[in-house]
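Protein sequence lines, in the order shown, are assigned to chains A and F. Residue numbering for the first sequence follows full-length UniProt numbering, beginning at 1 and increasing consecutively. Residue numbering for the second sequence follows full-length UniProt numbering, beginning at 1 and increasing consecutively. Just so you know, even glycine gets a beta-carbon here, dropped at the ideal spot from N, CA and C. Below is one structure, written out as C-alpha cells, with a few remarks after it.
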Amino acid sequence: MSSDAVLVRKGTYHDSVALMRISRALTEMSGVEVAMVAMATELNLGILRDLGFTVPAADPGDLLIAVRAHDTRAAVEEADRRLTAGRHPEGAPADQPADQPPLTTRSAARTGADLVLVSTPGEYAFAEAQDAIQAGLPVMIFSDGVPAAQERRLKELAEAQDVLVMGPDCGTALIGGVGLGFANVLGPGPVGVVAASGTGAQQVTCLLDWAGTGVSHVLGVGGRDLSAEVGGLSTLRALRMLDEDPATELILLISKPPSPEVARTVQDSVARLRTPVLLALLPEIDLTEAAERTLRALGRPVPEWPSWPAWSGKQSRAKTIKGVYSGGTLSAEAALIAGRAGSRGGDFVDYGDDAYTRGRAHPMIDPTLRVEALSRAHESDLVLMDVVLGHGADPDPAASLAHAVARTPATVVIALIGTEGDPQDLHRQAAAFREAGAAVFTSNAQAARHARSLV
Amino acid sequence: MSLLSTPPRVITVGAGLLDEALRAQAVQTVPVSWRPPLPGTAEALAKVLADPRRQAANELAVSRLTSARPYLVGVRRASEVLEAGTFLHAGPPITWERASGPMRGALIGAMLLEGRAGDEHDAARRLAAGEIALRPCHEHAAVGPMAGVVSPSMWLFEIRDDEHGGTAYCSLNEGLGKVLRYGAYGPEVLERLRWMDAVLGPALKATLERTGPLDLRSLIAQALQMGDELHNRNRAATSLLLRELAPAVVEAVPGHAAEVLRFINGNDHFFLNLAMAAAKVGTDAARDVPGSSLVVAMARNGTDFGVQVSGLGGRWFTGPAGVPDGLYLGTYGPDDANPDIGDSTITETSGLGGFAMAASPAIVRFVGGEVSDAVRATRSMYEITLAEHPAYQIPGLGFRGTPVGIDVTLVARTGLLPVVNTGIAGRVPGTGQVGAGLVKPPVEAFTAALLSLAEQAS
Numbered sequence: 001m002s003s004d005a006v007l008v009r010k011g012t013y014h015d016s017v018a019l020m021r022i023s024r025a026l027t028e029m030s031g032v033e034v035a036m037v038a039m040a041t042e043l044n045l046g047i048l049r050d051l052g053f054t055v056p057a058a059d060p061g062d063l064l065i066a067v068r069a070h071d072t073r074a075a076v077e078e079a080d081r082r083l084t085a086g087r088h089p090e091g092a093p094a095d096q097p098a099d100q101p102p103l104t105t106r107s108a109a110r111t112g113a114d115l116v117l118v119s120t121p122g123e124y125a126f127a128e129a130q131d132a133i134q135a136g137l138p139v140m141i142f143s144d145g146v147p148a149a150q151e152r153r154l155k156e157l158a159e160a161q162d163v164l165v166m167g168p169d170c171g172t173a174l175i176g177g178v179g180l181g182f183a184n185v186l187g188p189g190p191v192g193v194v195a196a197s198g199t200g201a202q203q204v205t206c207l208l209d210w211a212g213t214g215v216s217h218v219l220g221v222g223g224r225d226l227s228a229e230v231g232g233l234s235t236l237r238a239l240r241m242l243d244e245d246p247a248t249e250l251i252l253l254i255s256k257p258p259s260p261e262v263a264r265t266v267q268d269s270v271a272r273l274r275t276p277v278l279l280a281l282l283p284e285i286d287l288t289e290a291a292e293r294t295l296r297a298l299g300r301p302v303p304e305w306p307s308w309p310a311w312s313g314k315q316s317r318a319k320t321i322k323g324v325y326s327g328g329t330l331s332a333e334a335a336l337i338a339g340r341a342g343s344r345g346g347d348f349v350d351y352g353d354d355a356y357t358r359g360r361a362h363p364m365i366d367p368t369l370r371v372e373a374l375s376r377a378h379e380s381d382l383v384l385m386d387v388v389l390g391h392g393a394d395p396d397p398a399a400s401l402a403h404a405v406a407r408t409p410a411t412v413v414i415a416l417i418g419t420e421g422d423p424q425d426l427h428r429q430a431a432a433f434r435e436a437g438a439a440v441f442t443s444n445a446q447a448a449r450h451a452r453s454l455v
Numbered sequence: 001m002s003l004l005s006t007p008p009r010v011i012t013v014g015a016g017l018l019d020e021a022l023r024a025q026a027v028q029t030v031p032v033s034w035r036p037p038l039p040g041t042a043e044a045l046a047k048v049l050a051d052p053r054r055q056a057a058n059e060l061a062v063s064r065l066t067s068a069r070p071y072l073v074g075v076r077r078a079s080e081v082l083e084a085g086t087f088l089h090a091g092p093p094i095t096w097e098r099a100s101g102p103m104r105g106a107l108i109g110a111m112l113l114e115g116r117a118g119d120e121h122d123a124a125r126r127l128a129a130g131e132i133a134l135r136p137c138h139e140h141a142a143v144g145p146m147a148g149v150v151s152p153s154m155w156l157f158e159i160r161d162d163e164h165g166g167t168a169y170c171s172l173n174e175g176l177g178k179v180l181r182y183g184a185y186g187p188e189v190l191e192r193l194r195w196m197d198a199v200l201g202p203a204l205k206a207t208l209e210r211t212g213p214l215d216l217r218s219l220i221a222q223a224l225q226m227g228d229e230l231h232n233r234n235r236a237a238t239s240l241l242l243r244e245l246a247p248a249v250v251e252a253v254p255g256h257a258a259e260v261l262r263f264i265n266g267n268d269h270f271f272l273n274l275a276m277a278a279a280k281v282g283t284d285a286a287r288d289v290p291g292s293s294l295v296v297a298m299a300r301n302g303t304d305f306g307v308q309v310s311g312l313g314g315r316w317f318t319g320p321a322g323v324p325d326g327l328y329l330g331t332y333g334p335d336d337a338n339p340d341i342g343d344s345t346i347t348e349t350s351g352l353g354g355f356a357m358a359a360s361p362a363i364v365r366f367v368g369g370e371v372s373d374a375v376r377a378t379r380s381m382y383e384i385t386l387a388e389h390p391a392y393q394i395p396g397l398g399f400r401g402t403p404v405g406i407d408v409t410l411v412a413r414t415g416l417l418p419v420v421n422t423g424i425a426g427r428v429p430g431t432g433q434v435g436a437g438l439v440k441p442p443v444e445a446f447t448a449a450l451l452s453l454a455e456q457a458s
C-alpha cells in the first residue's frame, strides 16, 4: 500500500536539471510510484496537483519533495542524500577544505578564463553577465527571461569593453571546436554561422554535417538581437569576428527578419566584409533551404536528407496537427509549413518558451511536459515534434519519449535534429522512434511537409 | 579576437549539466557555486547593478580607501575637539533608554570622571534626563572601541591621511579587564583614566612632538606579516610602536618614562586604537561617491549593528546586534554576554580584523577553530569585496592583499556576511570584558542599504 509524502524545504535552491535527475533516480527506486523533486513554482505546483498530491503552501524559492511510494521515508532520505551530495561541486578537492569555490562570476574571473557561460534563472543572469563583461570576458547567456532593457544594457557595456555577448536565450554556440549549451558534434569546416536562433543554427549545421561540410564557429546572438530595441549589436560584432577569422570562408546569418532600421545597419556592415555572407532570413526561406543554399554557394552537392518512414505503415486517421516542440524556431517553421494547409494546421506549442522553463529544465533535457502532451493526444491528432540531440541535451531521449510515442493513439512525425557524431547515436535514436511508430526526418521542413500530407 | 583562436577555458554559472557537457568535451571549466541572492533582494539588485554610475563609482571609492596613507600626527585632549556637554559613543545613534548595560556603564563612568555626578545613581538619573548630548563617534571623525565613550578629559590619537587629507580620532587604549570601554566604572577604572589624563596623554603628546608623524600604514603592513590581524591581535603592532616611541619617551618625559613604557608594554591591544583610526581615515576618504555600493562603516552600539554606504551619505542602516560566539574568560559564559558593541568593526571595513584572519593563526583558538578556518574566513571575504589591499598582505596566502571594500550587492548576491572578530562585554553595567570571539552582522542592515541604493538608482 503506497502513501504520499510532500515536504517543503524553505529557501533551498538547486538547479532544475540537478533536480530532474534526482526525481528520475527516485522514480527508479523499487516501490516508488511517483517522485518529484522540484522548485515550488506555479507550474510545478500545478503538475503536483494534477498528480493528485495535496499541495502545501510554498514559494518559488522553496524546494518541494513529493513521493508516492510504499516506503516514503526511504525515498525522502534518498532525496536528501542526493541533494546534499550535489552541494559540493566536483573539482573542489576534499583534501583542500580551505579552498573557497567562487560564488560569483566576478570572483571566478580572477582565476583566469576565456569565456563565461551563464545559465542561471533569467532574473539573475544580468549580474553574472555583467561581471563577465566587466572582467573583459565574452559571455554566452543561455538563460531566457532576461528583460530586453537588461539585454540592451549588457550589449552596450560589451561595446565599451570590446567583448561579444551571445544571448540572452542563446541555446547553442560552437567556438574553436567546443560546443556550448546545446551543441551538436560538428566537424571543422569553412562555414561560420551567426544565429539569432539556437535550434535554427542546430538544424542548419546538422544538415551541413550530413552533407560533409563542417563549421568554423557558431556564434549565437539571441533571438532579440536584431530587434530595434537591441539594435543588432552582437550580430554586428559576431560578423566582424568571423570576417577576421582565417578558418571562415563563408558566413551564414540566420535570423528572423530584422527591424528595417537594424536591417540597413546589418546590410551596410555585410557590404564592408571581405568574407561572403549568406543571409537566411526566416521565414523567407526555411532552414533546410538555408543549408542547401550554403552548400551551393560553396559549390558542393546537395544530398538527400535522411528520413525513416513509419515502421508500422498504419494509415493515419489524423485530422489536426499538434506541434509539440522544444525549439522555438523549429516550432515556428513547422507551424508555417504545416499550416499552409489552411484549416488543417493546428496548435503548436514551443515547450522551450520562457512560460514553460521557469523553474524547470529545458524540454531538450526534461521530457516530462512533452510526455504528458503525448499522453493527452487523441487518435484524430497528428503530433509533429522535434527531438534535438547533442551535448547538453537528454543523453537518451528515446528512452523516455519513444515509450510515450508508442502508447499515444495519435500519428507521430518526428524531426530528429542531430549528427552522426552526437553522443546519443543518431541512428539508434531514429530506429527507436521508428519502432515506436513514428516517421522520422532529419529535416524539420520535410517532417512538416510529411505531416501536412497525412491530414 | 583571441576568442576564436584558442580552445576556451570556460567559467560556468547555473545549470551543472552545461558544465558537464563541456567537461565531456575535455574543456577546462571553472564552475561557480551559484545560489539565488538573499530573499527579497532580486529586484533591488537588478536596479543597482544596472546603475551606470556604479562600476566607476566603486572603483573610485575603493581606490580612495586603499590609497589612504594614515599617519599618527598628534595626541590631543578631547576637550579641544569635543563640543561642550557632549559625549561620543560607539555605533549608530542611541538614546539612554535603548542603551545596553556596558554602554550605560561606560556613560556612568564618564559622568563620574568628568565630575558631573556624585555617584552612579546620580549619573544614571542625569543621563536619563538628557543632561549630556550623546553623539556617535563616527559622526565626529572618531571611532571608539567597545562602548567607545569619549568625554572631555580623555585623550585622543590624531591620525591624518597624507593622501586625501582627512583626519580621524580615537581614544587611548586603557588596557584589559575592568575598563571603561567594557562598561566598568569602579574606582580603579576612574583612577587609571585620571592617570591617563594627567600623565599618559601629555607624555605621548610630548613624545610625538619629538618623533614627528608616524607612518601607520607601514606599521600595520609589518604587523600583518608578524601575525596580527589588527583587531583581536595587536601584539606585534604594539611592539613595533613601542620600538618607535621608546627613545623619544625617555627624552620627552624622563620622570614618567618607565611608567608610560610599562603601561604600553603591558597592554597587547594598545595599537588597536591606532589601527581603528587608521582604518577610519581610509573609509572616510571613500565616502560620498554617488552610486557607490561600498560599505564605509560598520559599527555597533551594543543594541544595534549599523552600516553606512558610500553612495548613501551619513545614513545608518541597522539591525539588531548579535551576541558573539567565542571563548569566555574565567567563569563567564554566553549568558553574561552583551550583544555586539564597538566601532572596532572599522578594521574589518578596511580589510583587517576578521578579513585578515589568515595572517593571524595565533588567534584562531579565540574563534574555536583551526588555522584552516582562519584561511577559509579570509578566502570567503574575497567573495564580497571589491579589491585586494595593495599594502596589507598575507604571507600565508602567497602575499595576496587582504580582501578590502565590502560591496552590499556582493553580500546580497552571495548571502555571505562579513566575518567580524570582536571582544565580548559583560551584559550587566560595570562587569567589564567577559570574552572574545566572532560575531555575525544582521543581514537586514545590508539588505536595507541595498533597497535604498535601488531607490536612488536611475
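- Inter-segment contact for the stretch 273-284 of chain F and the stretch 170-181 of chain F is present: three or more beta-carbon pairs are separated by less than 8 Å.
- Contact annotation: in the stretch 347-367 of chain F, no residue has its CB less than 7 Å from a CB in chain A.
- The shortest C-alpha to C-alpha distance from Y182 (chain F) to any of F:P442, F:A457, F:T431 is the one to F:T431.
- W155 (chain F) has F:R77 as its beta-bridge partners, per DSSP.
- Going by DSSP, N301 (chain F) is part of the beta strand (DSSP E) stretching over 295-301.
- Residue nearest to G339 (chain A) within the set A:L233, A:L287, A:V455 is A:V455 (criterion: CA-CA distance).
- Taking C-beta atoms as the reference points, S360 (chain F) and D197 (chain F) fail to come closer than 8 Å.
- Here H89 (chain F) is buried, its C-beta having at least 16 other C-beta atoms within 10 Å.
- Taking 9 Å as the upper bound on Cβ-Cβ separation, chain A lies near residues S2, L3, L4, S5, T6, P7, P8, R9, V10, I11, T12, V13, G14, A15, G16, L17, L18, D19, E20, A21, L22, R23 of the stretch 2-23 of chain F.
- Judged by beta-carbon spacing, G359 (chain A) lies beyond the 8 Å limit of L7 (chain A), meaning their Cβ atoms are not closer than that value.
- Beta-carbon to beta-carbon, L438 (chain F) and I175 (chain A) are separated by about 45 Å, too far to satisfy the 8 Å threshold.
- The beta carbon of K440 (chain F) is closer than 6 Å to those of G322, L417 in its chain, skipping five residues each way along the sequence.
- For N421 (chain F), the enclosing beta strand (DSSP E) starts and ends at 420-425.
- Shown here, L253 (chain A) sits in a strand according to DSSP, grouped into three states.
- For V165 (chain A) against I133 (chain A), the beta-carbon gap comes to about 7 Å, under 8 Å, which counts as contact.
- The contact set of Q130 (chain A) on chain F, defined by CB atoms closer than 9 Å, consists of L49, A50, Q55 in chain order.
- Around D245 (chain A), the same chain offers G192, S216, H217 as residues with beta carbons nearer than 8 Å, after the five sequence neighbours per side are excluded.
- Going by DSSP, C170 (chain A) is part of no alpha helix (DSSP H) at all; its letter is neither H nor E.
- Contacts between T172 (chain A) and chain F, judged by CB atoms closer than 9 Å, are missing: the closest CB pair is about 11 Å apart.
- Using a CB distance below 7 Å, the part of the stretch 376-409 of chain F facing chain A consists of R376, R379, S380, Y382, E383, ordered along the chain.
- Short of 7 Å from the beta carbon of A404 (chain A), and not among the five residues preceding or following it, lie these beta carbons of its own chain, in chain order: V371, L374, S375.
- A check of alpha carbon separations from A85 (chain A) across A:I22, A:E123, A:Q161 identifies A:I22 as the nearest.
- Taking C-beta atoms under 8 Å as the contact rule, L453 (chain F) and V408 (chain F) qualify, at a distance of about 7 Å.
- In the DSSP assignment, the residues bridged to S307 (chain A) are A:F441.
- With a beta-carbon spacing of about 17 Å, V149 (chain F) and L176 (chain F) fall beyond the 8 Å limit used to define contacts.
- What L416 (chain F) touches in chain A, judged by beta-carbon distance under 9 Å, is L103, going in chain order.
- The beta-bridge partner set that DSSP reports for T111 (chain A) is empty.
- Segment contact: the stretch 89-106 of chain F against the stretch 338-355 of chain F, three or more CB-CB distances shorter than 8 Å; contact assigned.
- If the five residues before and after H256 (chain F) are omitted, its C-beta is found closer than 6 Å to the C-beta atoms of V199, A203, all from its own chain and listed in chain order.
- Residue environment analysis places S3 (chain A) among the exposed positions, since fewer than 16 neighbouring C-beta atoms fall within 10 angstroms of its C-beta.
- Neighbours of Q25 (chain F) across chain A, judged by C-beta separation under 7 Å: V178, G179, H391.
- Runs of alpha helix (DSSP H) with 4 or more residues, each lying fully within the stretch 258-339 of chain A, are found at 260-272, 287-297, 328-339, listed in chain order.
- Counting the other CB atoms within 10 Å of its CB gives F399 (chain F) a total below 16, which places it among the exposed residues.
- If one requires a minimum length of 3 residues, the beta strand (DSSP E) runs lying completely within the stretch 402-455 of chain F are 420-425, 433-439, in chain order.
- Within chain F, the residues placing a beta-carbon under 9 Å from that of E123 (chain A) are P36, A42, E43, A46, ordered along the chain.
- Under the 8 Å Cβ criterion, the stretch 38-53 of chain F does not count as touching the stretch 109-129 of chain F, having fewer than three qualifying pairs.
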